[in-house]
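Engineer:
Protein chains: 2
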Amino acid sequence: MAGVAKATTLDGAGEPKAKKGKAPIAETLALAQKEISVAEFFERNRQILGFDSPVKALITAIKEATDNSLDACEESGILPDILIEVHKTAHADELRICVEDNGPGIVKRQLGNIFGRLLYGSRFHAIRQSRGQQGIGISAVVLYGQLTTGHHAVVTSKIGVGHPAVRVEMGLNTKKNEPEMFNEAMDESWTKPSGTRIEVTIKAKFQGGRQSAFEFLRSTSIVNPHARFTFLDPTGVKTVFERVTDEVPAKTTEIKPHPHGTELGTILKMARDAKQRKLTGFLTEEFSSVGSDTARKILSEAKLENVDPKDLSREEARRLHEAFAKVKIMAPPTDCLSPIGEQLVRRGLKKETEDVSPEFITTVTRPPSVWGGHPFQVEVGIVYGGTLPAEEQVRILRFANRVPLLYQGGGCASTVTVQDVDWRRYGLDQRGGNGMPTGPAILLVHVASTKVPFTSEAKEAIAPMEEIQKEVKLGLQEAARHLGRHLAKKAKRAKVSEKFTLVNKILPELAKKSAAMLGKPTPDLSTIVCKIMDVVWIEDPIVAYEKLEGQTVMVRKKAEKAEAGAPAPGKEAKGEKDAKGDKKAKGKATLEAFAEAALETAPADGAPAAPEVQQKPAHLAKSTITMTNYMMGSKKFRFFVVVPETSVFVSATPEPKTVKDRYLMWEIPAMKPTEKLALTYQVAGVEKGGVDDVETFVEGINELHVVGADPWRGGE
Amino acid sequence: MAGVAKATTLDGAGEPKAKKGKAPIAETLALAQKEISVAEFFERNRQILGFDSPVKALITAIKEATDNSLDACEESGILPDILIEVHKTAHADELRICVEDNGPGIVKRQLGNIFGRLLYGSRFHAIRQSRGQQGIGISAVVLYGQLTTGHHAVVTSKIGVGHPAVRVEMGLNTKKNEPEMFNEAMDESWTKPSGTRIEVTIKAKFQGGRQSAFEFLRSTSIVNPHARFTFLDPTGVKTVFERVTDEVPAKTTEIKPHPHGTELGTILKMARDAKQRKLTGFLTEEFSSVGSDTARKILSEAKLENVDPKDLSREEARRLHEAFAKVKIMAPPTDCLSPIGEQLVRRGLKKETEDVSPEFITTVTRPPSVWGGHPFQVEVGIVYGGTLPAEEQVRILRFANRVPLLYQGGGCASTVTVQDVDWRRYGLDQRGGNGMPTGPAILLVHVASTKVPFTSEAKEAIAPMEEIQKEVKLGLQEAARHLGRHLAKKAKRAKVSEKFTLVNKILPELAKKSAAMLGKPTPDLSTIVCKIMDVVWIEDPIVAYEKLEGQTVMVRKKAEKAEAGAPAPGKEAKGEKDAKGDKKAKGKATLEAFAEAALETAPADGAPAAPEVQQKPAHLAKSTITMTNYMMGSKKFRFFVVVPETSVFVSATPEPKTVKDRYLMWEIPAMKPTEKLALTYQVAGVEKGGVDDVETFVEGINELHVVGADPWRGGE
């Protein structure tokens with residue numbers, strides 16, 4: 000069909016008349032065919048919105064309210080301070096939930112739309128990473144409360160000093176999907192400069208365990224380290240989930256749609272609505288990553304004149320769409336994403352798993368990628384060992400856009416991908432090399448995107464998109480390799496440790512006693528010991544942390560300053576540049592320079608930091624690594640310690656040959672048989688525990704004769 | 000809040016004025032807050048509707064169209080004959096899909112609403128089991144086609160002889176969620192008396208495998224044995240999935256909401272809209288399972304006068320709601336459900352798994368139950384052995400309201416419940432007693448309900464409702480017990496079979512040869528054989544089936560007739576009554592009476608049978624079971640064969656002591672050591688293969704000394 004014909008109006012009068020016989024069944028059936036209001040639909044199918052059970056309803060209500068609060072605070076550069084209260088009511092099956100934030104507030108004329116109408120919001124039409132996307136969540140809570148208890152919600156909001164706090168009771172007309180508001184008044188008792196409070200009474204049940212309101216807030220706190228949550232549960236217990244950083248995540252940028260994520264029908268609609276008079280203007284202004292050059296290439300590939308977009312036919316739009324796939328177009332910008340970061344994920348996991356004393360934690364932040372034109376980024380973490388149950392399936396902590404996903408795990412791209420990795424290679428148990436692995440481990444998967452493809456409005460699981468699964472898999476494999484290395488090292492150590500005990504404890508005792516009995520001098524056992532051991536034994540580091548009181552530090556500023564003030568310790572320390580040249584610590588410093596810089600740049604009063612610098616907790620770590628040569632001959636080799644990229648080297652004994660952003664390298668001088676060497680180094684700008692399990696490597700010695708370090712593969 | 004205050008109108012003019020300072024952030028944020036059209040929402044989130052990938056889009060499109068066709072045919076008592084064509088187009092990533100049925104058709108004035116508007120349909124407001132519920136599916140297909148290819152759909156429908164076939168091109172205005180129709184015309188080429196045809200061009204991909212259009216239709220055919228599907232794939236291959244019964248499932252009845260499934264908010268809304276002037280009338284007429292007595296008890300429990308429902312306050316409605324839970328109310332009627340039935344599930348599984356030659360199939364249909372006031376029923380099947388892979392996880396075939404669920408298995412109540420059963424008890428491998436079991440098995444789970452709580456609009460998975468999971472678990476456990484018995488029997492047989500070979504083959508040979516060499520008569524080995532074996536050995540039945548040509552039979556009518564015409568073979572054969580007294584074969588008959596009855600009641604021309612009788616394929620099964628006494632002494636015992644409840648006993652040698660609906664029982668006379676007994680029986684009204692693996696039981700003999708039958712636990 001070329002062009003679009005005028006819509007035909009059909010009405011009952013145009014119905015063809017039967018020539019004979021009784022009324023067709025279709026006429027009877029037609030009587031029952033009716034419009035369904037979106038609110039009625041969700042009222043009936045409330046499990047789709049996450050209200051399947053009273054326990055889940057409580058979590059969903061808290062989740063929707065806190066999501067909104069966190070989004071609003073982030074958009075406004077406010078450090079979130081969110082109060083969540085759950086109160087008992089006169090009825091055992093009802094709870095009253097209040098969520099109050101210190102966000103920007105909501106203007107009065109929009110209160111009804113936001114809380115009393117489904118499919119109304121600000122984040123649906125904007126392409127950027129946010130928790131809310133649909134304009135359904137919080138009004139669904141109001142709807143659910145109304146449905147299950149008959150109570151209206153109460154909304155209070157204040158948009159700033161000098162504006163009154165407005166309080167209104169809120170219902171939802173499900174037949175029309177419109178708000179119903181009652182008893183509007185000023186709330187004189189409100190004290191914060193701005194903020195929003197919602198109170199709902201819903202059918203709900205409070206309980207503990209993994210899928211609980213408490214766990215939801217704990218997990219939310221892990222991936223929102225800048226937020227403070229105060230939780231009052233119905234038994235009267237108050238828990239504060241304190242923020243661990245005062246830095247508000249950079250406000251994510253809104254982007255235009257990317258050509259690769261735009262369907263043919265969308266192009267047609269955009270072209271029809273275009274303000275531009277030429278296709279080139281349309282392409283460069285309405286799409287991201289399309290410059291004039293690219294636009295011209297696209298038109299040429301599509302064999303299109305630079306016409307008015309409004310004149311585009313279906314067939315022409317189709318050629319344009321096909322050209323999008325053929326012409327090389329830059330990936331969409333990724334500053335619309337807000338990943339948590341390896342350090343913060345690690346810190347979160349550490350906090351979450353303190354009670355199980357894990358032996359190993361690793362985190363991976365993958366580079367940004369694109370699925371169907373939508374930028375996304377994957378972060379992965381693994382916690383291993385300690386008192387985690389060895390005989391159970393591993394636990395998976397799933398997150399999307401900084402929101403924990405507690406339900407529908409089985410149908411989630413993250414879980415499916417975990418099951419698709421052959422974990423046997425990395426030291427976990429797994430029947431047949433697929434399915435859920437077994438072992439003392441917790442896996443964390445976070446997917447951040449301008450568009451997370453959730454499987455339902457409840458946003459509980461991510462649909463299995465190929466590109467996302469691929470990135471999650473790469474992240475899991477990378478983290479799993481770290482785990483595998485750790486376990487291999489551990490196994491090797493265990494294998495040698497029996498020998499070790501023998502030659503180091505028992506043999507010398509025997510020799511001493513025998514010598515004493517015979518009245519002879521104790522013989523030198525080193526040759527025998529080395530003959531039996533035949534390895535260089537490297538202990539794990541022993542680390543002491545020292546908090547640099549009152550100091551936080553902006554890594555970037557400090558690094559620049561320090562680099563000028565303190566001479567680099569090794570010749571390779573200069574000129575090491577991150578390709579992107581930003582956000583990373585690039586200089587080396589003495590402790591004095593470091594502390595000085597830190598004091599200078601610490602923010603005065605916890606005001607949000609400028610997004611281009613990164614705030615670090617100022618710990619000084621003093622590490623000692625001991626190594627012993629249990630081989631027959633003298634051994635010299637190179638020894639590498641990998642340090643966090645954002646840490647700052649302070650000093651070391653002996654002096655390292657090389658100091659780079661990512662590692663320190665020593666030339667170990669020839670060690671005689673049974674000779675011991677203690678190597679110490681200090682780095683600053685790390686968090687407590689941050690260098691406990693650094694990776695160590697050796698070069699210039701056969702890896703079979705080394706316990707406690709892997710062979711160095713070169714590179715950065 | 001007592002009563003409902005008049006809604007306050009808030010507009011921009013009422014906005015509180017700031018006393019000082021710059022414009023609050025909330026004002027900026029408010030500019031972006033907008034309404035979202037439901038069509039735009041689903042356009043953006045098409046994965047929620049099952050259009051995540053081109054492969055899945057094809058299946059979803061076919062599924063939505065066939066669901067509609069099957070529902071419409073069932074509602075109209077038409078045997079469905081559905082043609083599904085998938086054609087290539089000029090573009091590699093586009094397919095044209097046509098689905099044409101012989102259903103009742105759709106009146107012209109409703110075509111636009113049904114195909115061009117989301118949330119419009121006839122099944123949303125009716126409480127009964129149907130495939131479609133939401134009024135989203137088929138219009139979502141139109142929307143997806145428009146979005147991905149820019150093409151309109153083409154809909155043709157004819158509502159009966161004498162009415163023209165109307166053809167119209169169909170689009171969807173996403174901003175308004177309204178149909179756009181073009182080029183309406185009569186389709187002169189249409190030949191069927193009535194029916195509907197939809198053609199859509201969508202971005203899609205055709206492929207094979209488990210999650211394919213072909214498999215979807217194959218599975219659909221299993222659970223819709225009355226439907227014929229003709230599938231033309233894009234490579235030109237045509238497959239007919241022939242119907243295996245000519246009986247249209249009984250049209251499911253529409254019921255009123257049950258008090259236990261009604262939320263407080265719904266009661267309030269229903270009361271406001273009530274036509275009745277008294278609460279008693281309101282309760283008895285608007286709810287199912289509430290008679291006058293129950294209504295009075297509810298009012299008394301709620302301490303309510305018999306007032307006008309419109310005057311009900313929130314607090315009074317709450318008391319009513321609480322009384323619903325306290326007063327004993329009958330379960331909702333279950334004739335609104337349409338389970339497939341054990342026999343048909345079994346037949347479907349047999350057909351589906353022919354290529355793997357399974358050794359064992361069992362099916363269980365649970366009695367109807369209720370979740371949150373909604374009637375539902377669970378059916379379960381297990382296929383075991385043959386060439387199914389022993390080292391892989393079992394495969395699960397999931398169905399809801401006779402529709403196969405191919406995606407989101409991990410998040411589905413059926414899968415979750417499978418993982419919650421300890422399969423180790425029943426002979427499958429399973430680490431730790433939960434999670435997916437491993438073994439050569441396929442599990443089938445069908446949930447039928449007036450309301451299946453799907454996790455999303457794509458209807459791919461069932462939300463984990465406690466009551467549903469409980470029933471699924473009971474069904475799985477019951478079926479698993481059958482499997483466990485089968486495997487135990489098999490293991491016991493295997494254990495004894497080595498001995499068996501020795502004593503039956505080798506010992507006699509040895510004896511014969513030794514005797515011949517010594518020139519002595521062959522000794523009688525029976526004592527020795529029995530000493531070694533020490534069991535009664537019962538072989539599995541050998542069955543021959545004979546098709547009673549041209550005959551089908553209505554079990555109920557025939558049974559009544561036969562009972563009068565033929566004397567019952569055992570004294571207990573009379574007066575055996577199913578408590579419900581319907582639908583089950585209750586009489587016994589000679590083959591002649593059976594055939595006569597069958598001929599008399601066979602329908603003339605495949606016209607749909609009246610729902611209260613059940614149509615059976617008329618096979619006669621002749622079974623022979625051989626048993627040998629390999630014990631030292633004579634053995635007499637009772638022997639039971641369980642037959643399908645719907646089969647009809649014809650004859651047996653020796654004559655059974657008891658003939659019941661569910662089993663036959665013989666008093667086996669004292670068998671001497673090594674004596675053999677061949678027992679034969681004939682039953683009619685079974686499908687081919689239907690009594691291959693009957694269960695057999697013994698009584699009056701120590702179970703340790705029986706191979707091939709379980710101990711009889713008594714009861715029906």
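Respectively, the protein sequence lines represent chains A and B.
Quick note: the first sequence, position 487, residue 486 per numbering that gives the first Met the number 0, numbers continuous.
Quick note: the second sequence, position 490, residue 489 per numbering that gives the first Met the number 0, numbers continuous.
Here a beta-carbon is modelled for each residue, glycine too, at the ideal position from N, C-alpha and C.
Taking the straight line between their C-alpha atoms, what separation do you get for residue 384 (chain B) and residue 440 (chain B)?
Structural biologist: As a working mapping, residue 384 (chain B) is identified with position 385 in the second sequence. As a working mapping, residue 440 (chain B) is identified with position 441 in the second sequence. When rounded, the distance between both Cα atoms is 6 angstroms.
Engineer: Quick one: grab the DSSP three-state call for residue 412 (chain A).
Structural biologist: What you label residue 412 (chain A) is simply residue 413 of the first sequence in a count that begins at 1. Three-state DSSP puts residue 412 (chain A) in a helix.
Engineer: Skipping 5 residues on each side, what residues in its chain have a beta carbon closer than 6 angstroms to that of residue 687 (chain A)?
Structural biologist: On the first sequence, position 688 is the one that residue 687 (chain A) refers to. Same-chain partners within the cutoff: 544, 618.
Engineer: Just to confirm, are residue 413 (chain A) and residue 471 (chain A) a CB contact at a threshold of 8 angstroms?
Structural biologist: By 1-based counting over the first sequence, the position of residue 413 (chain A) is 414. By 1-based counting over the first sequence, the position of residue 471 (chain A) is 472. Yes; because the gap between Cβ atoms is below 8 angstroms, this pair is in contact.
Engineer: Thinking just about the alpha-carbon of each residue, which of A:468, A:49, A:182, A:217 is nearest to the one in residue 459 (chain A)?
Structural biologist: As a position in the first sequence, residue 459 (chain A) is number 460, starting the count at 1. Closest option to residue 459 (chain A), Cα to Cα, is A:49.
Engineer: Apply the 10 Å Cβ neighbour rule to residue 632 (chain B) and answer buried if 16 or more other Cβ atoms are within range, or exposed otherwise.
Structural biologist: Stepping through the second sequence from its first residue, residue 632 (chain B) is reached at position 633. Exposed, because fewer than 16 other Cβ atoms sit within 10 Å of the Cβ of residue 632 (chain B).
Engineer: Looking at the unbroken alpha helix (DSSP H) that takes in residue 783 (chain A), where does it start and where does it end?
Structural biologist: Any answer about residue 783 (chain A) is impossible in this case: the structure gives chain A only from 0 up to 715.
Engineer: May I have the straight-line CA-CA distance separating residue 475 (chain B) from residue 495 (chain A), to the nearest angstrom?
Structural biologist: Start at 1 with the first residue of the second sequence, and residue 475 (chain B) comes out as number 476. Start at 1 with the first residue of the first sequence, and residue 495 (chain A) comes out as number 496. The alpha-carbon atoms of residue 475 (chain B) and residue 495 (chain A) are separated by roughly 50 angstroms.
Engineer: To the nearest angstrom, report how far apart residue 393 (chain A) and residue 308 (chain A) are at their CA atoms.
Structural biologist: For the purposes of this step, residue 393 (chain A) is identified with residue 394 of the first sequence, where counting begins at 1. For the purposes of this step, residue 308 (chain A) is identified with residue 309 of the first sequence, where counting begins at 1. Near 54 angstroms, if we compare the C-alpha coordinates of residue 308 (chain A) and residue 393 (chain A).
Engineer: Going along the segment 411-434 of chain B in order, which residues come within less than 9 angstroms of chain A, judged by CB to CB distance?
Structural biologist: For the segment 411-434 of chain B, which is checked against every Cβ of chain A, the residues closer than 9 angstroms are 411, 414, 415, 418, 428, 430, 431, 433, 434.
Engineer: State buried or exposed for residue 221 (chain A), treating a residue as buried only when at least 16 other CB atoms are found within 10 Å of its CB.
Structural biologist: By one-based count along the first sequence, residue 221 (chain A) stands at place 222. Residue 221 (chain A) is buried by the Cβ-count criterion.
Engineer: Reducing DSSP to helix, strand and coil, say where residue 709 (chain B) ends up.
Structural biologist: Translated into positions along the second sequence, residue 709 (chain B) becomes position 710. Reduced to three states, the DSSP call for residue 709 (chain B) is strand.
Engineer: Measuring alpha carbon to alpha carbon, tell me which residue in A:658, A:253, A:269, A:676 is nearest residue 31 (chain B).
Structural biologist: Walking along the second sequence from the start, residue 31 (chain B) turns up at place 32. That would be A:253, whose Cα lies nearest to the Cα of residue 31 (chain B).
Engineer: Classify residue 485 (chain B) as helix, strand or coil using the three-state DSSP reduction.
Structural biologist: Reading the second sequence from its first residue, position 486 is the one you call residue 485 (chain B). Residue state, collapsed to three classes: helix.
Engineer: Extract the residue ranges of the alpha helix (DSSP H) inside the segment 250-303 of chain A, only unbroken runs of 4 or more that lie entirely within it.
Structural biologist: Segments of the alpha helix (DSSP H) lying fully in the segment 250-303 of chain A: 263-271, 278-285, 291-300.
Engineer: Of all Cβ atoms in chain B, is any one closer than 8 angstroms to the Cβ of residue 140 (chain A)?
Structural biologist: Position 141 of the first sequence, counting from 1, holds the residue named residue 140 (chain A). Closer than 8 angstroms: no.
Engineer: Distance, Cα to Cα, residue 621 (chain A) vs residue 643 (chain A)?
Structural biologist: For the purposes of this step, residue 621 (chain A) is taken as residue 622 along the first sequence, with counting starting at 1. For the purposes of this step, residue 643 (chain A) is taken as residue 644 along the first sequence, with counting starting at 1. C-alpha separation (whole angstroms): 14 angstroms.
Engineer: Would you say residue 590 (chain A) lies against chain B (beta-carbon separation less than 8 angstroms)?
Structural biologist: Along the first sequence, one-based indexing puts residue 590 (chain A) at 591. No answer about residue 590 (chain A) holds up, because its pLDDT of 47 lies below 50 and its placement is not dependable.
Engineer: Starting from residue 54 (chain B), follow the alpha helix (DSSP H) in both directions and report where the run begins and ends.
Structural biologist: If you number the second sequence from 1, residue 54 (chain B) lands on position 55. Per DSSP, residue 54 (chain B) belongs to the alpha helix (DSSP H) from 53-75.
Engineer: Flag this pair as yes or no: are the beta carbons of residue 694 (chain A) and residue 641 (chain A) separated by less than 8 angstroms?
Structural biologist: Looking up residue 694 (chain A) in the first sequence gives position 695. Looking up residue 641 (chain A) in the first sequence gives position 642. Yes, Cβ-Cβ distance for residue 694 (chain A) and residue 641 (chain A) is below 8 angstroms.
Engineer: Give the straight-line distance between the Cα atoms of residue 634 (chain B) and residue 390 (chain A), rounded to the nearest whole angstrom.
Structural biologist: In the second sequence, the residue the question calls residue 634 (chain B) occupies position 635. In the first sequence, the residue the question calls residue 390 (chain A) occupies position 391. Using only the alpha carbons, I get a separation of about 50 angstroms.
Engineer: In chain D, what lies closer than 8 angstroms to residue 452 (chain B) by C-beta?
Structural biologist: The chain inventory of the structure shown lacks chain D, comprising the protein chains A and B.
Engineer: Do residue 355 (chain A) and residue 212 (chain A) count as a contact pair if the criterion is CB distance below 8 angstroms?
Structural biologist: As a working mapping, residue 212 (chain A) is identified with position 213 in the first sequence. As a working mapping, residue 355 (chain A) is identified with position 356 in the first sequence. The answer is no: Cβ separation not under 8 angstroms.
Engineer: Assign residue 395 (chain B) to one of three DSSP states: helix, strand, or coil.
Structural biologist: Residue 395 (chain B) sits at position 396 when you count from the first residue of the second sequence. If DSSP states are grouped into helix, strand and coil, residue 395 (chain B) belongs with the strands.
Engineer: I'd like the list of long-range same chain contacts for residue 215 (chain A), defined as Cβ closer than 8 angstroms, with 5 residues on each side in sequence excluded.
Structural biologist: Locating residue 215 (chain A) in the first sequence gives position 216, counting from the first residue. Once the five neighbours on either side are set aside, the close Cβ partners of residue 215 (chain A) are 58, 61, 62, 403, 405.
Engineer: For residue 146 (chain A), go through chain B and note every residue whose CB falls closer than 7 angstroms to its CB, in chain order.
Structural biologist: Stepping through the first sequence from its first residue, residue 146 (chain A) is reached at position 147. Result: 262, 264, 265.
Engineer: Have a look at the DSSP bridge pairing and note the partners of residue 231 (chain B).
Structural biologist: Locating residue 231 (chain B) in the second sequence gives position 232, where the first residue counts as 1. Beta-bridge pairing links residue 231 (chain B) to B:84, B:237.
Engineer: Going by beta-carbon coordinates alone, are residue 636 (chain B) and residue 706 (chain B) separated by less than 8 angstroms?
Structural biologist: What you label residue 636 (chain B) is simply residue 637 of the second sequence in a count that begins at 1. What you label residue 706 (chain B) is simply residue 707 of the second sequence in a count that begins at 1. No, Cβ-Cβ distance for residue 636 (chain B) and residue 706 (chain B) is not below 8 angstroms.
Engineer: So with Cβ pairs under 8 angstroms, would you call residue 6 (chain A) a contact of chain B?
Structural biologist: To locate residue 6 (chain A), count along the first sequence from 1; it is residue 7. With a pLDDT of only 42 at residue 6 (chain A), under the threshold of 50, the placement of this residue in the model should not be trusted; the figure read from the coordinates follows. Closer than 8 angstroms: yes.
Engineer: On the premise that residue 193 (chain A) lies in contact with residue 104 (chain A), defined as a C-beta separation below 8 angstroms, what is that separation, rounded to the nearest angstrom?
Structural biologist: Position 105 of the first sequence holds residue 104 (chain A). Position 194 of the first sequence holds residue 193 (chain A). With 8 angstroms as the limit, residue 104 (chain A) and residue 193 (chain A) qualify as a contact, their Cβ atoms being about 4 angstroms apart.
Engineer: Near residue 491 (chain B), what residues of its chain come up, given a Cβ to Cβ distance below 7 angstroms and the 5 sequence neighbours on each side ignored?
Structural biologist: For the purposes of this step, residue 491 (chain B) is identified with residue 492 of the second sequence, where counting begins at 1. For residue 491 (chain B), where only same-chain residues beyond five positions count, the Cβ hits under 7 angstroms are 706.
Engineer: Alpha carbon to alpha carbon, how far is residue 249 (chain B) from residue 66 (chain B)? Give it in angstroms, no decimals.
Structural biologist: In the second sequence, the residue the question calls residue 66 (chain B) occupies position 67. In the second sequence, the residue the question calls residue 249 (chain B) occupies position 250. Their backbone Cα atoms lie some 17 angstroms apart in a straight line.
Engineer: Identify, in the order they occur along the chain, each residue of the same chain with its Cβ nearer than 6 angstroms to the Cβ of residue 699 (chain B), setting aside the five sequence neighbours on each side.
Structural biologist: The residue you call residue 699 (chain B) lines up with position 700 of the second sequence. Answer for residue 699 (chain B): 636, 637, listed in chain order.
Engineer: Would you decide whether residue 603 (chain B) is buried or exposed? Buried here means 16 or more other CB atoms lie within 10 Å of its CB.
Structural biologist: What you label residue 603 (chain B) is simply residue 604 of the second sequence in a count that begins at 1. Here the model assigns residue 603 (chain B) a pLDDT of 40, short of 50, so the residue's position is not dependable, and the following value carries that caveat. Answer is exposed; the Cβ neighbour count stays below 16.
Engineer: Quick check on residue 722 (chain A): buried or exposed, where buried means 16 or more other Cβ atoms within 10 Å of its Cβ?
Structural biologist: The structure shown does not extend to residue 722 (chain A), since chain A is modelled only from 0 through 715, so no value can be given for it.
Engineer: Here's a check: name, in chain order, each residue in its chain whose Cβ is nearer than 8 angstroms to the Cβ of residue 701 (chain A), leaving out the five neighbours to either side.
Structural biologist: The residue given as residue 701 (chain A) occupies position 702 in the first sequence. Answer for residue 701 (chain A): no residue qualifies.
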